[in-house]
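Written out below as structure tokens is the structure these notes cover.
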Amino acid sequence: MRNNWWKALAVVLLLYVGIAGLLMPVPRLAILNESIRNLYFHVPMWFGMTFILVASVYYSVRYLRTPTPELDILAHESAKTGILMGVVGLATGSIWARYTWGAWWTNDPKLNGAAIAMLIYGAYLVLRSSFTDEQQRARISAIYNIFAFATAMPLFYILPRLTDSLHPGAGGNPAFAKYDLDSNMRLVFYPAVIGWTLLAFWLAQVASRLSLLKLKVYEKQLA
Amino acid sequence: MQKDFRLEWRQRAALNGMLLYVGSTVFVCYLSFSLRGGQLPAPAWNALFWIVLLFSAVNAVAKGFLQESRGRMLYYYTVVRPQAVILAKISYNALLLLGLALVAFFLYALVLGNPVQNVGLFVGNVLLGAVGFASTLTLVSGIAAKATNSSTLMAVLGFPLMVPMLLLLIKVSKNALDGLEFEASQSSLLTLVALNMIVGAVSYLLFPFLWRS
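Which chain is which? The protein sequence lines are G and P, in order. Taking full-length UniProt numbering, the leading residue of the first sequence gets 1, the next gets one more, and so forth. Taking full-length UniProt numbering, the leading residue of the second sequence gets 1, the next gets one more, and so forth.
Structure, rendered in structure tokens:
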């Protein structure tokens, strides 16, 4: 229990976010209306994705310093979890866009940037599947992972801010400041960010353990 | 490093092929548009120009590593540091792409008309684009060369990575087409320089690891 307190914290926080996020009072804003509650689900996805991708890059860097299969698995599963978070983020954002902007997808720099970043990480998976030698696959995908991170992050955090956009947090639109004025929402939003991030790490950990076990079983079969 | 650069230059057999590639692409564009007749609108001119450049860049840089024989790689490995190899390759590719881009621009303007009003800004933009494409694609082609289905992988890995750069490039070159003053494109140009530096630095740091395997 001593080492797993953060999993319990994740469960508690997400239960709280699920209940309070759907039931607590929210400010009445035109157009947004009740859909503002999506803030607790859509935005934390991107926070969680960024943190888990940073972890993935960290494991990749460590892999390049000391190559062990464990680090490769950790980097791979973290990147996969990051992709999952990104896809869920795109889906929740798409639903939100349907009810506020009237379309599932708009030609917006922030949306396109996120989609392209997902393509970059999709290419990471393709790259992994095109090697037969495990060590070479691990090394080269670690290299690509670092490179992909360096080019994908400007797509999220730099380029959309330079251009006009419908999306909050771009083209001079406020990101959270407008909503954060309401301290009730802050009470749910920050726990949501922490909760979803912890969940992402938990997912990555479970997936890595599974891959590691598979690797061990495979090695035993070979022996 | 200079010697390395010369080594690159010596195997430029592909250069003429690339020139012909660019020339024929531009000519195909010309033919397919002349059927409709009339001058191309500026946004279409711009988009088409960058698409031509994108594809010729991927093709030109892909040659860099895919055509290297294993023996020569080993020879380089014993003679020079990996950092020198990547720097030489990037600068050679940047020069190659710049040359190709200028030829393409010349031909393109010749057959499709030249709506560019601020040529200095446009050429500077093309220069930044050549450096950026070269530093992204050199590492990507190094990665792709290790895999089994390298030519597909080159496109799959390269295109999304180049999109951020391409968006900025298209924006600045649209400004140059419309003859806006320098201030309008200043922030985009600065971001472009920063992006080039990030990509170049990451390539420089990562290449030694790629090289060893």
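From the three backbone atoms N, C-alpha and C, an ideal C-beta is built for every residue, glycine too. None of these values were measured; they are calculated from a predicted model.
_Quick check on Ala62/P - is its C-beta less than 8 Å from some C-beta in chain G?_
Numbered from its first residue, the second sequence carries residue 62/P at position 62. Not an interface residue.
*Hey, Leu190/P and Gly158/P are a contact pair by Cβ (cut 8 Å); roughly how many whole angstroms apart?*
Counted from its first residue, the second sequence places residue 190/P at position 190. Counted from its first residue, the second sequence places residue 158/P at position 158. 24 Å between Cβ atoms; not a contact.
*Close beta carbons around Gly132/P, own chain, < 6 Å, minus the five adjacent residues each side*: As a first step, residue 132/P is located in the second sequence; it is residue number 132 there, counting from the start. Around Gly132/P: Met165 and Asn196.
_Cβ neighbours of Gly93/G in the same chain (closer than 6 Å, five flanking residues each side left out)_ = One-based indexing of the first sequence puts residue 93/G at position 93. The answer, listed in chain order, is His42.
*asked:* Assuming contact is defined by CB atoms lying nearer than 8 Å, are Ala57/P and Leu97/P in contact in what I supplied?
replied: Within the second sequence, numbered from 1, the residue matching residue 57/P stands at position 57. Within the second sequence, numbered from 1, the residue matching residue 97/P stands at position 97. When the beta-carbon positions are compared, Ala57/P and Leu97/P come within less than 8 Å of each other.
*Look at the alpha carbon of Leu13/G and the alpha carbon of Leu187/G, and state the distance between them as a whole number of angstroms.*
Locating residue 13/G in the first sequence gives position 13, counting from the first residue. Locating residue 187/G in the first sequence gives position 187, counting from the first residue. Taking the straight line from one Cα to the other gives about 11 Å.
*Have a look at Val52/P and Thr25/P and give me their C-alpha separation to the nearest angstrom.*
For this step, residue 52/P is matched to residue 52 along the second sequence. For this step, residue 25/P is matched to residue 25 along the second sequence. Going by the C-alpha atoms only, they are around 7 Å apart.
*Where Trp46/G and Gly86/G are concerned, what is the direct C-alpha to C-alpha distance, given to the nearest angstrom?*
Sequence index remark: in the first sequence, residue 46/G carries index 46 (1-based). Sequence index remark: in the first sequence, residue 86/G carries index 86 (1-based). For Trp46/G and Gly86/G, the distance between alpha carbons rounds to 6 Å.
*Have a look at Ala184/P and Leu121/P and give me their C-alpha separation to the nearest angstrom.*
Against the second sequence, residue 184/P aligns to sequence position 184. Against the second sequence, residue 121/P aligns to sequence position 121. Taking the straight line joining both Cα atoms gives about 11 Å.
*Under 6 Å Cβ to Cβ from Gly172/G, same chain only, skipping five residues before and after it: list those, please.*
Taking the first residue of the first sequence as position 1, residue 172/G is located at position 172. Residue placement at Gly172/G is poorly supported in this model, since its pLDDT is 45, which falls under 50; the coordinates still yield a value, given next. Same-chain partners within the cutoff: there are none.
*Please report how far the alpha carbon of Ser208/G lies from the alpha carbon of Leu177/P, in whole angstroms.*
As a first step, residue 208/G is located in the first sequence; it is residue number 208 there, counting from the start. As a first step, residue 177/P is located in the second sequence; it is residue number 177 there, counting from the start. Using only the alpha carbons, I get a separation of about 51 Å.
*Identify the contact partners of Val163/P in chain G, using a Cβ-Cβ distance below 7 Å as the criterion.*
Working through the second sequence from its first residue, we reach residue 163/P at position 163. Near Val163/P (Cβ distances below 7 Å), the residues of chain G are Ile116.
_Three-state secondary structure assigned by DSSP to Gln83/P_ = Your numbering for residue 83/P matches position 83 in the second sequence. DSSP places Gln83/P in helix when its eight states are reduced to three.
_Rounded straight-line distance, which links the Cα of Gly129/P to that of Ala103/G_ = Position 103 of the first sequence, counted from the start, is the residue given in the question as residue 103/G. Position 129 of the second sequence, counted from the start, is the residue given in the question as residue 129/P. Those two C-alpha atoms are separated by around 34 Å.
*asked:* Am I right that Ile120/G and Ala91/G are in contact with their C-beta atoms under 8 Å? What's the rounded C-beta distance?
replied: In the first sequence, the residue the question calls residue 120/G occupies position 120. In the first sequence, the residue the question calls residue 91/G occupies position 91. The pair is not a contact, with the Cβ atoms about 18 Å apart (cut-off 8 Å).
_Selected residue, minimal CA-CA separation from Gln205/P, among Pro44/G, Leu64/G, Leu9/G and Val11/G_ = Taking the first residue of the second sequence as position 1, residue 205/P is located at position 205. Position check: residue 205/P holds Leu in this sequence, whereas Gln was assumed. The option with the nearest alpha carbon to Leu205/P is Leu64/G.
*Using a Cβ-Cβ cut-off of 8 Å, state whether Ala147/P counts as contacting chain C.*
Among the protein chains in the structure shown, which are G and P, there is no chain C.
*By a C-beta neighbour count over all protein chains shown, 10 Å radius and 16 as the cutoff for buried, is Val28/P buried or exposed?*
Position 28 of the second sequence, counting from 1, holds the residue named residue 28/P. Result: exposed.
*Euclidean distance between Cα positions of Ala115/G and Phe189/G*: Walking along the first sequence from the start, residue 115/G turns up at place 115. Walking along the first sequence from the start, residue 189/G turns up at place 189. Approximately 24 Å between the Cα atoms of the pair.
*Whose C-beta lies closer than 6 Å to the C-beta of Leu102/P among residues of the same chain, with five residues either side of it excluded?*
Counting from 1 along the second sequence, the entry for residue 102/P is found at position 102. For Leu102/P, where only same-chain residues beyond five positions count, there are no Cβ hits under 6 Å.
*Can you grab the Cα-Cα spacing for the pair Pro174/G / Pro82/P, in whole Å?*
As a position in the first sequence, residue 174/G is number 174, starting the count at 1. As a position in the second sequence, residue 82/P is number 82, starting the count at 1. Note that Pro174/G has pLDDT 49, beneath the 50 cutoff, so the model's placement of it is unreliable and no number is given.
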